[in-house]
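Please read the structure below before turning to the comments.
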Amino acid sequence: MTFVLLVEQVLNGLQFGVMLFLMAAGLTLIFGVMGLINLAHGSLYMVGAFAAATVAGATGSFLLALAASLGAAALAGALVELTVIRRLYGRDHLDQVLATFALILIFSEGTRWLFGSFPLYLDIPPALSGPVALPFGIDYPRYRLALIGIGLAVAAALFLLISRTRLGIQIRAGEEDREMIAALGVDISKLYTLVFALGAALAGLAGALIGAIQSVQVGMGEPVLILAFVVIVIGGIGSIRGALVGAILVGLTDTLGRALLPVLFGLVMEPAAAMSAGASLASMAIYILMAAVLILRPRGLFGRA
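Counting in the numbering used here, the sequence shown runs from 1189 upward without gaps.
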(Lines of atoms letter the chains of each structure in order from A and count residues from 1; the text may use other names and numbers.)
(Lines give C-alpha, C1' and ligand atoms only; values in the text may rest on other atoms or scores of the structure.)
Protein backbone atom coordinates (compact mmCIF):
# COMPACT_ATOMS: atom_id res chain seq x y z
CA MET A 1 0.00 0.00 0.00
CA THR A 2 1.35 3.41 -0.98
CA PHE A 3 1.63 6.37 1.37
CA VAL A 4 -1.00 8.30 -0.59
CA LEU A 5 -3.50 5.46 -0.31
CA LEU A 6 -2.80 5.12 3.42
CA VAL A 7 -3.47 8.83 4.02
CA GLU A 8 -6.69 8.61 2.00
CA GLN A 9 -7.87 5.66 4.08
CA VAL A 10 -7.05 7.52 7.31
CA LEU A 11 -9.13 10.47 6.09
CA ASN A 12 -11.94 8.10 5.11
CA GLY A 13 -11.82 6.58 8.60
CA LEU A 14 -11.89 10.03 10.20
CA GLN A 15 -14.86 11.05 8.07
CA PHE A 16 -16.70 7.83 8.93
CA GLY A 17 -15.88 8.35 12.59
CA VAL A 18 -17.19 11.89 12.90
CA MET A 19 -20.44 10.86 11.21
CA LEU A 20 -20.77 7.99 13.70
CA PHE A 21 -20.21 10.54 16.44
CA LEU A 22 -23.32 12.47 15.38
CA MET A 23 -25.33 9.28 15.84
CA ALA A 24 -23.61 8.15 19.02
CA ALA A 25 -23.68 11.57 20.72
CA GLY A 26 -27.46 11.74 20.65
CA LEU A 27 -27.74 8.12 21.73
CA THR A 28 -25.39 8.53 24.69
CA LEU A 29 -27.12 11.78 25.73
CA ILE A 30 -30.50 10.04 25.77
CA PHE A 31 -29.20 7.03 27.69
CA GLY A 32 -27.08 9.08 30.06
CA VAL A 33 -29.79 11.58 31.02
CA MET A 34 -32.91 9.42 30.73
CA GLY A 35 -31.54 5.92 31.25
CA LEU A 36 -33.44 4.90 28.12
CA ILE A 37 -32.40 2.30 25.56
CA ASN A 38 -33.67 3.76 22.26
CA LEU A 39 -33.49 1.29 19.40
CA ALA A 40 -35.48 3.71 17.22
CA HIS A 41 -32.59 6.19 17.06
CA GLY A 42 -31.59 4.80 13.65
CA SER A 43 -35.10 5.57 12.38
CA LEU A 44 -34.55 9.25 13.21
CA TYR A 45 -31.35 9.08 11.13
CA MET A 46 -33.51 7.78 8.27
CA VAL A 47 -36.11 10.54 8.81
CA GLY A 48 -33.40 13.19 8.46
CA ALA A 49 -32.08 11.62 5.27
CA PHE A 50 -35.51 11.39 3.62
CA ALA A 51 -36.43 14.94 4.67
CA ALA A 52 -33.18 16.25 3.18
CA ALA A 53 -33.60 14.31 -0.08
CA THR A 54 -37.20 15.52 -0.45
CA VAL A 55 -36.43 19.19 0.20
CA ALA A 56 -33.29 19.11 -1.98
CA GLY A 57 -35.31 17.60 -4.83
CA ALA A 58 -38.00 20.28 -4.50
CA THR A 59 -35.79 23.34 -3.98
CA GLY A 60 -32.34 22.37 -5.25
CA SER A 61 -30.81 23.86 -2.08
CA PHE A 62 -28.48 21.70 -0.01
CA LEU A 63 -28.57 24.14 2.93
CA LEU A 64 -32.37 23.99 3.04
CA ALA A 65 -32.09 20.21 2.88
CA LEU A 66 -29.82 20.20 5.95
CA ALA A 67 -32.19 22.52 7.80
CA ALA A 68 -35.09 20.23 6.89
CA SER A 69 -33.21 17.19 8.19
CA LEU A 70 -32.58 18.89 11.53
CA GLY A 71 -36.15 20.12 11.86
CA ALA A 72 -37.87 16.92 10.74
CA ALA A 73 -35.76 14.66 12.93
CA ALA A 74 -36.10 16.95 15.97
CA LEU A 75 -39.87 17.18 15.48
CA ALA A 76 -40.18 13.41 15.04
CA GLY A 77 -38.05 12.86 18.13
CA ALA A 78 -40.11 15.28 20.24
CA LEU A 79 -43.37 13.66 19.12
CA VAL A 80 -42.04 10.18 19.85
CA GLU A 81 -40.87 11.29 23.31
CA LEU A 82 -44.20 12.91 24.15
CA THR A 83 -46.41 10.08 22.90
CA VAL A 84 -44.41 6.90 23.56
CA ILE A 85 -41.07 7.32 25.32
CA ARG A 86 -42.48 9.32 28.25
CA ARG A 87 -44.39 6.25 29.35
CA LEU A 88 -41.24 4.12 29.44
CA TYR A 89 -38.96 6.00 31.87
CA GLY A 90 -39.99 4.01 34.91
CA ARG A 91 -40.22 0.72 33.07
CA ASP A 92 -37.78 -2.13 32.73
CA HIS A 93 -35.15 -1.97 29.97
CA LEU A 94 -36.84 -4.93 28.26
CA ASP A 95 -40.03 -2.89 27.91
CA GLN A 96 -38.00 -0.04 26.44
CA VAL A 97 -36.34 -2.37 23.93
CA LEU A 98 -39.66 -3.87 22.83
CA ALA A 99 -41.40 -0.50 22.52
CA THR A 100 -38.60 1.18 20.58
CA PHE A 101 -38.25 -1.87 18.34
CA ALA A 102 -41.93 -1.45 17.52
CA LEU A 103 -41.17 2.17 16.63
CA ILE A 104 -38.56 0.94 14.12
CA LEU A 105 -41.25 -1.08 12.34
CA ILE A 106 -43.69 1.85 12.39
CA PHE A 107 -41.12 4.28 11.00
CA SER A 108 -39.96 1.82 8.33
CA GLU A 109 -43.44 0.98 7.07
CA GLY A 110 -44.57 4.60 7.30
CA THR A 111 -41.58 5.76 5.26
CA ARG A 112 -42.17 3.02 2.69
CA TRP A 113 -45.82 4.08 2.44
CA LEU A 114 -44.87 7.75 1.91
CA PHE A 115 -41.85 7.39 -0.38
CA GLY A 116 -42.06 3.87 -1.80
CA SER A 117 -39.43 1.15 -1.70
CA PHE A 118 -37.08 2.71 -4.23
CA PRO A 119 -34.09 4.70 -2.94
CA LEU A 120 -33.82 8.48 -3.24
CA TYR A 121 -30.64 10.33 -4.12
CA LEU A 122 -29.21 13.52 -2.66
CA ASP A 123 -26.74 15.37 -4.86
CA ILE A 124 -23.52 16.82 -3.54
CA PRO A 125 -23.71 20.64 -3.81
CA PRO A 126 -21.57 22.05 -6.67
CA ALA A 127 -19.43 24.09 -4.26
CA LEU A 128 -18.33 20.87 -2.53
CA SER A 129 -18.00 18.61 -5.56
CA GLY A 130 -14.72 17.47 -7.03
CA PRO A 131 -11.36 16.85 -5.35
CA VAL A 132 -9.14 19.19 -3.37
CA ALA A 133 -5.35 19.05 -3.64
CA LEU A 134 -3.61 18.17 -0.38
CA PRO A 135 0.14 17.97 0.36
CA PHE A 136 2.19 15.05 -1.03
CA GLY A 137 0.11 14.95 -4.21
CA ILE A 138 -3.06 13.69 -2.55
CA ASP A 139 -6.38 14.48 -4.22
CA TYR A 140 -9.25 13.97 -1.79
CA PRO A 141 -12.99 14.59 -2.29
CA ARG A 142 -13.92 18.07 -1.14
CA TYR A 143 -17.26 16.89 0.24
CA ARG A 144 -15.67 14.28 2.52
CA LEU A 145 -13.31 16.92 3.90
CA ALA A 146 -16.34 19.13 4.53
CA LEU A 147 -17.99 16.26 6.42
CA ILE A 148 -14.95 15.99 8.69
CA GLY A 149 -15.06 19.74 9.33
CA ILE A 150 -18.81 19.78 9.99
CA GLY A 151 -18.59 16.80 12.33
CA LEU A 152 -15.75 18.31 14.37
CA ALA A 153 -17.53 21.69 14.48
CA VAL A 154 -20.71 20.02 15.79
CA ALA A 155 -18.61 18.14 18.36
CA ALA A 156 -17.06 21.41 19.56
CA ALA A 157 -20.46 23.09 19.73
CA LEU A 158 -21.89 20.17 21.69
CA PHE A 159 -18.98 20.27 24.16
CA LEU A 160 -19.61 23.99 24.70
CA LEU A 161 -23.34 23.42 25.10
CA ILE A 162 -22.85 20.73 27.73
CA SER A 163 -20.02 22.43 29.64
CA ARG A 164 -20.70 26.18 29.39
CA THR A 165 -24.46 26.79 29.20
CA ARG A 166 -27.34 26.69 31.65
CA LEU A 167 -29.01 23.97 29.60
CA GLY A 168 -25.81 21.94 29.72
CA ILE A 169 -25.70 22.29 33.52
CA GLN A 170 -29.27 21.01 33.71
CA ILE A 171 -28.45 18.09 31.41
CA ARG A 172 -25.43 17.10 33.50
CA ALA A 173 -27.39 17.52 36.71
CA GLY A 174 -30.22 15.42 35.30
CA GLU A 175 -27.73 12.69 34.54
CA GLU A 176 -26.46 12.74 38.14
CA ASP A 177 -29.69 13.18 40.13
CA ARG A 178 -32.95 13.84 38.29
CA GLU A 179 -35.03 13.95 41.49
CA MET A 180 -32.87 16.71 42.96
CA ILE A 181 -33.05 19.02 39.92
CA ALA A 182 -36.81 18.45 39.77
CA ALA A 183 -37.00 19.50 43.42
CA LEU A 184 -35.00 22.64 42.56
CA GLY A 185 -37.66 23.74 40.09
CA VAL A 186 -36.38 22.40 36.76
CA ASP A 187 -39.19 21.01 34.58
CA ILE A 188 -37.76 17.54 34.05
CA SER A 189 -40.40 16.63 31.44
CA LYS A 190 -39.44 19.58 29.21
CA LEU A 191 -35.74 18.81 29.75
CA TYR A 192 -36.25 15.21 28.62
CA THR A 193 -38.18 16.31 25.53
CA LEU A 194 -35.47 18.82 24.66
CA VAL A 195 -32.66 16.30 25.12
CA PHE A 196 -34.50 13.71 23.03
CA ALA A 197 -35.15 16.26 20.26
CA LEU A 198 -31.48 17.33 20.33
CA GLY A 199 -30.30 13.73 20.00
CA ALA A 200 -32.79 13.15 17.18
CA ALA A 201 -31.62 16.29 15.35
CA LEU A 202 -27.99 15.12 15.47
CA ALA A 203 -29.03 11.74 14.05
CA GLY A 204 -31.07 13.43 11.31
CA LEU A 205 -28.14 15.67 10.37
CA ALA A 206 -25.88 12.62 10.07
CA GLY A 207 -28.44 10.92 7.81
CA ALA A 208 -28.65 13.96 5.53
CA LEU A 209 -24.88 14.34 5.26
CA ILE A 210 -24.33 10.66 4.49
CA GLY A 211 -27.29 10.67 2.10
CA ALA A 212 -25.20 12.59 -0.42
CA ILE A 213 -22.65 9.75 -0.48
CA GLN A 214 -24.98 6.77 -0.23
CA SER A 215 -28.54 6.26 -1.42
CA VAL A 216 -31.40 7.23 0.91
CA GLN A 217 -33.52 4.18 1.55
CA VAL A 218 -35.80 2.51 4.07
CA GLY A 219 -33.88 0.77 6.85
CA MET A 220 -30.66 2.70 6.28
CA GLY A 221 -30.39 3.64 9.96
CA GLU A 222 -30.24 0.20 11.56
CA PRO A 223 -26.67 -0.77 10.50
CA VAL A 224 -25.42 2.64 11.66
CA LEU A 225 -27.30 2.23 14.95
CA ILE A 226 -25.39 -0.99 15.69
CA LEU A 227 -22.10 0.82 15.15
CA ALA A 228 -23.30 3.71 17.34
CA PHE A 229 -23.94 1.28 20.19
CA VAL A 230 -20.42 -0.09 19.72
CA VAL A 231 -19.11 3.49 19.89
CA ILE A 232 -20.80 4.34 23.19
CA VAL A 233 -19.74 1.03 24.74
CA ILE A 234 -16.12 1.77 23.78
CA GLY A 235 -16.23 5.45 24.76
CA GLY A 236 -18.30 5.02 27.91
CA ILE A 237 -22.04 5.46 28.34
CA GLY A 238 -23.04 9.06 29.01
CA SER A 239 -19.73 10.60 27.89
CA ILE A 240 -19.70 12.99 24.91
CA ARG A 241 -15.90 12.95 24.87
CA GLY A 242 -16.01 9.16 24.93
CA ALA A 243 -18.47 9.15 22.03
CA LEU A 244 -16.10 11.25 19.92
CA VAL A 245 -12.99 9.21 20.75
CA GLY A 246 -14.85 5.93 20.36
CA ALA A 247 -16.36 6.99 17.03
CA ILE A 248 -12.99 7.95 15.59
CA LEU A 249 -11.45 4.68 16.83
CA VAL A 250 -14.27 2.68 15.24
CA GLY A 251 -14.06 4.63 11.98
CA LEU A 252 -10.30 4.19 11.67
CA THR A 253 -10.40 0.53 12.73
CA ASP A 254 -13.11 -0.33 10.20
CA THR A 255 -11.61 1.62 7.28
CA LEU A 256 -7.96 0.73 7.81
CA GLY A 257 -8.87 -2.88 8.58
CA ARG A 258 -10.63 -3.27 5.23
CA ALA A 259 -7.69 -1.67 3.43
CA LEU A 260 -4.71 -3.20 5.26
CA LEU A 261 -5.73 -6.70 6.36
CA PRO A 262 -6.06 -8.16 2.82
CA VAL A 263 -2.61 -6.73 2.06
CA LEU A 264 -1.11 -8.31 5.19
CA PHE A 265 -2.72 -11.67 4.51
CA GLY A 266 -1.43 -11.43 0.95
CA LEU A 267 2.12 -11.72 2.29
CA VAL A 268 1.51 -15.31 3.39
CA MET A 269 -1.49 -16.47 1.36
CA GLU A 270 -2.73 -16.69 -2.20
CA PRO A 271 -4.41 -13.46 -3.39
CA ALA A 272 -7.96 -14.86 -3.49
CA ALA A 273 -7.67 -16.46 -0.06
CA ALA A 274 -6.00 -13.33 1.31
CA MET A 275 -8.87 -11.13 0.13
CA SER A 276 -11.46 -13.45 1.67
CA ALA A 277 -9.62 -13.82 5.01
CA GLY A 278 -8.82 -10.12 5.20
CA ALA A 279 -12.41 -9.07 4.49
CA SER A 280 -13.75 -11.53 7.08
CA LEU A 281 -11.39 -10.34 9.80
CA ALA A 282 -11.97 -6.68 8.87
CA SER A 283 -15.70 -7.09 9.41
CA MET A 284 -14.98 -8.34 12.94
CA ALA A 285 -12.27 -5.78 13.78
CA ILE A 286 -14.48 -3.21 15.52
CA TYR A 287 -16.08 -5.91 17.69
CA ILE A 288 -12.65 -7.23 18.61
CA LEU A 289 -11.73 -3.65 19.55
CA MET A 290 -14.88 -3.38 21.68
CA ALA A 291 -14.12 -6.67 23.43
CA ALA A 292 -10.55 -5.57 24.16
CA VAL A 293 -11.74 -2.27 25.66
CA LEU A 294 -14.33 -4.03 27.83
CA ILE A 295 -11.74 -6.50 29.11
CA LEU A 296 -9.30 -3.74 30.05
CA ARG A 297 -11.85 -1.12 31.11
CA PRO A 298 -15.40 -2.47 31.52
CA ARG A 299 -16.93 1.03 31.88
CA GLY A 300 -15.46 2.17 28.56
CA LEU A 301 -12.64 4.61 27.97
CA PHE A 302 -14.33 7.59 29.63
CA GLY A 303 -17.22 5.93 31.44
CA ARG A 304 -17.92 6.37 35.11
CA ALA A 305 -18.89 3.79 37.70
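Quick reminder that beta carbons are idealized off the backbone N, C-alpha and C, glycines included. Bear in mind the structure is a predicted one, so any value in this text is a computation, not a measurement.
inquiry  = Between which residues of its own chain and MET1478 is the CB-CB distance below 8 Å, once the five residues before and five after are set aside?
reply    = The answer, listed in chain order, is VAL1418, VAL1421 and ILE1422.
query = From what residue to what residue does the beta strand (DSSP E) around PRO1319 run?
reply = 1319 to 1322
request  = Give me the Cα-Cα distance between SER1317 and ALA1334, rounded to the nearest whole angstrom.
outcome  = Going by the C-alpha atoms only, they are around 10 Å apart.
task = Can you tell me which of LEU1346, ALA1264 and ILE1483 puts its alpha carbon nearest to the alpha carbon of ALA1388?
result = Looking at the Cα atoms, ALA1264 is the closest of the given residues.
request  = Count the other CB atoms, across all protein chains shown, that sit within 10 Å of the CB of TYR1309; report buried if there are 16 or more and exposed otherwise.
outcome  = Under this definition TYR1309 is an exposed residue.
query = Out of curiosity, what's the CA-to-CA distance linking MET1234 and LEU1437?
reply = 24 Å
key: Close Cβ partners of LEU1254 (< 6 Å) along its chain, the five nearest in sequence each way excluded   = ALA1396
ask   = Secondary structure at ILE1425, three-state DSSP: helix, strand or coil?
value = Of the three classes helix, strand and coil, the one that applies to ILE1425 here is coil, per DSSP.
key: Segment limits, alpha helix (DSSP H) that includes PRO1307   = Taken as a continuous stretch (DSSP letters only), PRO1307 belongs to no alpha helix (DSSP H), as it is neither H nor E.
key: Alpha carbon of ALA1237 to alpha carbon of VAL1456, nearest angstrom   = 43 Å
inquiry  = Nearest by alpha-carbon distance to TYR1380: which of LEU1208, GLU1458 and ILE1273 is it?
reply    = ILE1273
key: Residue burial classification, VAL1268 (beta-carbon count within 10 angstroms, cutoff 16)   = It counts as buried.
Test item: CB-CB of ALA1212 and ALA1431 under 7 Å = yes
inquiry  = Taking a contact to mean a Cβ-Cβ separation below 7 Å, would you say LEU1346 touches GLY1201 in this structure?
reply    = Inclusion of LEU1346 and GLY1201 in the CB contact set at 7 Å is not warranted, their separation being larger than that value.
ask   = Taking the continuous beta strand (DSSP E) assigned at ILE1326, which residues delimit it?
value = 1326 to 1329
task = Could you tell me if SER1377 is buried or exposed, where buried requires 16 or more neighbouring beta carbons within 10 angstroms of its beta carbon?
result = Exposed: under 16 other Cβ atoms inside 10 Å.
task = Please confirm whether GLY1424 and GLY1491 have their CB atoms less than 7 Å apart.
result = Yes; because the gap between Cβ atoms is below 7 Å, this pair is in contact.
request  = Have a look at the DSSP bridge pairing and note the partners of VAL1285.
outcome  = DSSP lists no partner for VAL1285.
key: Simplified DSSP assignment, three categories, for VAL1404   = Residue state, collapsed to three classes: strand.
request  = Classify HIS1229 as buried or exposed, calling it buried when 16 or more other Cβ atoms lie within 10 Å of its own Cβ.
outcome  = By the beta-carbon neighbour count (other beta carbons within 10 angstroms, threshold 16), HIS1229 is buried.
key: TYR1233, enclosing alpha helix (DSSP H) - first and last residue   = Unbroken alpha helix (DSSP H) run through TYR1233: 1229 to 1247.
request  = Return the residue from the list ILE1474, LEU1449 and ALA1473 that minimises the CA-CA distance to MET1463.
outcome  = For MET1463, the closest alpha carbon among the candidates ILE1474, LEU1449 and ALA1473 is that of LEU1449.
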